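Just so you know, the sequences run in chain order A and B. Per my numbering, the first sequence starts with residue 5, numbered consecutively. Per my numbering, the second sequence starts with residue 5, numbered consecutively. Following: one structure in structure tokens, then a few remarks.
There are 2 protein chains.
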Amino acid sequence: MNTVIPATHLDLIEGPYYAVLTTIAPDGQPENTVVWCSWDGEHVLVNTAEGRRKSANVHKNPKVALTVIDPQNPFRWIDVRGEVEAIVDDADYANINAHALLYEGKEEYYGGVAPAERKDKERRIIFKIRPHRIVAFPS
Amino acid sequence: MNTVIPATHLDLIEGPYYAVLTTIAPDGQPENTVVWCSWDGEHVLVNTAEGRRKSANVHKNPKVALTVIDPQNPFRWIDVRGEVEAIVDDADYANINAHALLYEGKEEYYGGVAPAERKDKERRIIFKIRPHRIVAFPS
Numbered sequence: 005m006n007t008v009i010p011a012t013h014l015d016l017i018e019g020p021y022y023a024v025l026t027t028i029a030p031d032g033q034p035e036n037t038v039v040w041c042s043w044d045g046e047h048v049l050v051n052t053a054e055g056r057r058k059s060a061n062v063h064k065n066p067k068v069a070l071t072v073i074d075p076q077n078p079f080r081w082i083d084v085r086g087e088v089e090a091i092v093d094d095a096d097y098a099n100i101n102a103h104a105l106l107y108e109g110k111e112e113y114y115g116g117v118a119p120a121e122r123k124d125k126e127r128r129i130i131f132k133i134r135p136h137r138i139v140a141f142p143s
Numbered sequence: 005m006n007t008v009i010p011a012t013h014l015d016l017i018e019g020p021y022y023a024v025l026t027t028i029a030p031d032g033q034p035e036n037t038v039v040w041c042s043w044d045g046e047h048v049l050v051n052t053a054e055g056r057r058k059s060a061n062v063h064k065n066p067k068v069a070l071t072v073i074d075p076q077n078p079f080r081w082i083d084v085r086g087e088v089e090a091i092v093d094d095a096d097y098a099n100i101n102a103h104a105l106l107y108e109g110k111e112e113y114y115g116g117v118a119p120a121e122r123k124d125k126e127r128r129i130i131f132k133i134r135p136h137r138i139v140a141f142p143s
């Protein structure tokens, strides 16, 4: 099984494309959300906030899937199946700010919480998703 | 919980947009695939072939999710959580041909199997997905 994003489809993971992230709720229901993502060479990275539903799901069940369809060409997509190997703190917001720069052209992420108030209001975390199987289409 | 596709987002389900369908494998791994879909007023419809992995998954576990991101505007999306309430035969290929017309402008679906050979080679089926929760963004 391929577990590395092929060069032909790396742009879909490195953004700025929007991904569908699937987590599993405690009752077994798959739940999808629209997220930003990136690639560190081994893991797909997704930044979220502690306390959200997908965070709660992943703490209980690390199995996830993530899919990006090229908005310019729906016959071009990448699909990752795997699990969240680690959840790490984005304590200095370097990761979320890097995503905000890439996706929104903004130096600091806003997302409903002003950067100056973030420390008190929102703990940002990074899902490090270890792929078990990657399918890129067309291959 | 809203269980009807709102008029503002019906176009995303009625196509021709590509959806991410999530099924759950027997080992609990969520698996996404890129699919066509439509709406019958109560269910999201997805047409597939018997014997495929997503069909095998759904026979064992009807819980699914389906998400469509507007390719022209990623801040506009619809997300459905629910279950496959029924799997019905598309015996006359009316459903898959309707999808092929909508998505590809073709009177008959091809999909790797010539229409004249389909009867012997491929049993088409329709997942009738009953939504338990629909979120449309922006609401």
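Ideal Cβ placement from N, Cα and C applies to all residues, glycine included. Note that the structure is a prediction, hence the values are computed from the model and not measured.
- By a beta-carbon distance limit of 8 Å, residue 19 (chain B) contacts residue 40 (chain B). Their separation comes to about 6 Å.
- Within chain A, no C-beta atom comes nearer than 9 Å to that of residue 127 (chain B); the closest sits roughly 24 Å away.
- Note on residue 131 (chain A): 16 or more other CB atoms within 10 angstroms of its CB, so buried under the neighbour-count rule.
- Against chain A, the CB of residue 30 (chain B) has no partner CB under 8 Å away; the residue lies outside that interface.
- For the 8 Å CB-CB criterion, residue 103 (chain A) and residue 5 (chain A) do not form a contact.
- Following the DSSP letters along the chain, one finds residue 66 (chain A) in no alpha helix (DSSP H), marked with neither H nor E.
- In the assembly as shown, residue 76 (chain B) is an exposed residue. Its beta-carbon has fewer than 16 other beta-carbons within 10 Å.
- Three or more pairs of CB atoms, one per stretch, sit closer than 8 Å, so the region 67 to 85 of chain B contacts the region 64 to 81 of chain A.
- Within the region 39 to 116 of chain A, complete alpha helix (DSSP H) segments of at least 4 residues are found at 57 to 64, 98 to 108, given in chain order.
- Taking 8 Å as the cut-off between beta carbons, the residues of the region 72 to 86 of chain B near chain A are 73, 75, 76, 78, 81, 83, 85, in sequence order.
- Inclusion of residue 94 (chain B) and residue 129 (chain B) in the CB contact set at 8 Å is warranted, their separation being smaller than that value.
- Counting the other Cβ atoms within 10 Å of the Cβ of residue 92 (chain B) gives fewer than 16, which makes it exposed.
- The C-beta of residue 68 (chain B) comes closer than 8 Å to at least one C-beta of chain A.
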